[in-house]
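Asker: First the structure, then my questions, so here it is.
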Amino acid sequence: FEDPKDGRHSEIEFDMVVLAVALEPSEQNARLAEMLDLELDAHGFFKELDSTSRPLETSNRGVFLAGTCQGPKDIPETVAQASGAAAKVCTLFSQINQTTKRL
Numbered sequence: 002f003e004d005p006k007d008g009r010h011s012e013i014e015f016d017m018v019v020l021a022v023a024l025e026p027s028e029q030n031a032r033l034a035e036m037l038d039l040e041l042d043a044h045g046f047f048k049e050l051d052s053t054s055r056p057l058e059t060s061n062r063g064v065f066l067a068g069t070c071q072g073p074k075d076i077p078e079t080v081a082q083a084s085g086a087a088a089k090v091c092t093l094f095s096q097i098n099q100t101t102k103r104l
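Under the numbering used here, the first residue of the sequence shown is numbered 2, with each subsequent residue one higher.
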């Protein structure tokens, strides 16, 4: 490789090299965010309500996030988030159903 600091050529031995392409947000995120009244982060991905305590929720009640709409994620994390978002929807439907029964 060429050292960008001084232009010298050097060699380093590695056990493994991983190449990965960057993940960019969809160009449609801004339009969808406007339609659903959601916030985007500085990179153009959908912003969660609170990254530590409410990572699947958005500022719009009833709209949940999962997977790479929030940024780069691996498959196990995406599946876990999808399960969590589905559980949140079930909870929301349960609350709506209880309210309807009371009326």
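The beta-carbon is built from N, C-alpha and C at its ideal position, and this holds for glycine as well.
(1) Using the Cβ count rule (16 or more neighbours within 10 Å means buried), how would you classify residue 123?
(2) Give me the DSSP bridge partner(s) of residue 75.
(3) In chain order, what are the residue ranges of uninterrupted alpha helix (DSSP H) at least 4 long that sit wholly in the region 17-97?
(4) DSSP has residue 3 in a bridge; who is on the other side?
Answerer: Taking the geometry as given:
(1) Residue 123 falls outside the range modelled here, since the chain spans only 2 to 104, and no answer is possible.
(2) None, per the DSSP bridge assignment.
(3) Runs of the alpha helix (DSSP H) inside the region 17-97: 30-37.
(4) Beta-bridge pairing links residue 3 to 10.
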